[in-house]
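K.L.:
In this note's numbering, the protein residues as written are 184 to 470.
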Ligand code: ATR
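#1: Excluding the 5 residues preceding and the 5 following residue 266 in the sequence, name in chain order all residues of the same chain whose CB lies nearer than 7 Å to its CB.
#2: Between residue 324 and residue 259, is the Cβ-Cβ spacing less than 8 Å?
#3: Taking 7 Å as the cut-off, is the CB of residue 350 close to at least one heavy atom of the ligand ATR?
#4: Measuring only the C-alpha atoms, how far is residue 264 from residue 341?
#5: Looking only at DSSP bridge pairs, what is residue 289 linked to?
#6: The ligand ATR heavy atoms versus the CB of residue 314: any closer than 7 Å?
#7: Under 7 Å Cβ to Cβ from residue 391, same chain only, skipping five residues before and after it: list those, please.
#8: Which complete beta strand (DSSP E) runs does the stretch 287-344 hold, if anything under 3 residues is left out?
#9: Quick check on DSSP: helix, strand or coil for residue 237?
#10: Where does residue 371 sit, in a helix, a strand or coil, going by DSSP?
#11: Can you have a look at residue 359 and say buried or exposed, based on whether 16 or more other CB atoms are within 10 angstroms of its CB?
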């Protein structure tokens, strides 16, 4: 089968972009440009370093210049909620915007992160969330979205651990209010769990310690361990989890699925998942 040929950039080229700070290491341009090329679309995806104080102007700029859409990453996802014309249900439900589509309704804000967590856990760990017991590490932006999404998937019990305990308390309070059937506790579990999920940024740097205090919870008590970090491919947590015999996966699948959903929102076409996954692996791991 011959590959579609991507049209050269011209006056009809549609543009997408990711805004973040820092943005230099983003793998999103590689993933989306490979997908556009595979489908023969005359679209391109760029990355821009955008300071939070300029976010509103940058969104307006993309809108008036006819961009098809943008992604938002750290630290813009919460700020953007007040900067779009319309909030899709997904953005309202999770209180964060990582994808904007520009069109006749103006700038429409979506959240594709939350669904991506579940898609990646199912695909990479074959994990059924309904009835599961989960230890979630982290209560920042990513941790909060993960906690609420897992609760909406009817996990049975959620244990929340965060360096700043008041933030875990706040997330627990939100779950009690919105998903009262889920048992939520702040602190480490005393009995085995189906999943340990790292949503902290601890592990991004090569010499970072594991976010899990093994004196409080042994990995022998965990069936699966998922780390939202994908660079490095194996964090200290995943290394220890493998040694303890857990099923493990890193955050590449989450990155893939949030991007695939954004691609579909912008283009209206099914995302070429295999092409996007290969582009991510090549970009991040070089193979
Ligand atoms: P994101 O949007 O990626 O979630 P964030 O909102 O800044 O980013 O959250 C970062 C998460 O990593 C938080 O849970 C943070 O813990 P605090 O709430 O106590 O700040 C956690 N984190 C970052 N550095 C950490 C460290 N050195 N030790 C433990 N947790 C850390």
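Glycine is no exception: its CB is placed at the ideal position from the N, C-alpha and C atoms. Note that the coordinates shown come from a computational prediction; the quantities given were computed from them, not determined experimentally.
P.N.:
Based on what the coordinates show:
#1: Counting from 1 along the chain shown, the entry for residue 266 is found at position 83. 238, 239, 242.
#2: Taking the first residue of the chain shown as position 1, residue 324 is located at position 141. Taking the first residue of the chain shown as position 1, residue 259 is located at position 76. In this structure, residue 259 does not lie closer than 8 Å to residue 324 by Cβ.
#3: Walking along the chain shown from the start, residue 350 turns up at place 167. Answer for residue 350: yes, Cβ within range of the ligand ATR.
#4: For the purposes of this step, residue 264 is taken as residue 81 along the chain shown, with counting starting at 1. For the purposes of this step, residue 341 is taken as residue 158 along the chain shown, with counting starting at 1. When the Cα atoms are used, residue 264 and residue 341 turn out to be separated by approximately 27 Å.
#5: Here the question's residue 289 lines up with position 106 in the chain shown. Answer is 286, bridged to residue 289.
#6: Along the chain shown, read from residue 1 onward, the residue named residue 314 stands at position 131. For the ligand ATR, not one heavy atom lies less than 7 Å from the Cβ of residue 314.
#7: For the purposes of this step, residue 391 is taken as residue 208 along the chain shown, with counting starting at 1. Closer than 7 Å at the Cβ level, and outside the excluded window around residue 391, lie 385, 419.
#8: 289-293, 316-320, 340-344
#9: Residue 237 sits at position 54 when you count from the first residue of the chain shown. In the structure shown, residue 237 sits in a helix (DSSP, three-state: H, G or I).
#10: Here residue 371 corresponds to residue number 188 of the chain shown, with the count starting at 1. Residue 371: coil per DSSP, three-state reduction.
#11: Here residue 359 is taken as the residue at index 176 of the chain shown, counted from 1. Classification for residue 359: exposed.
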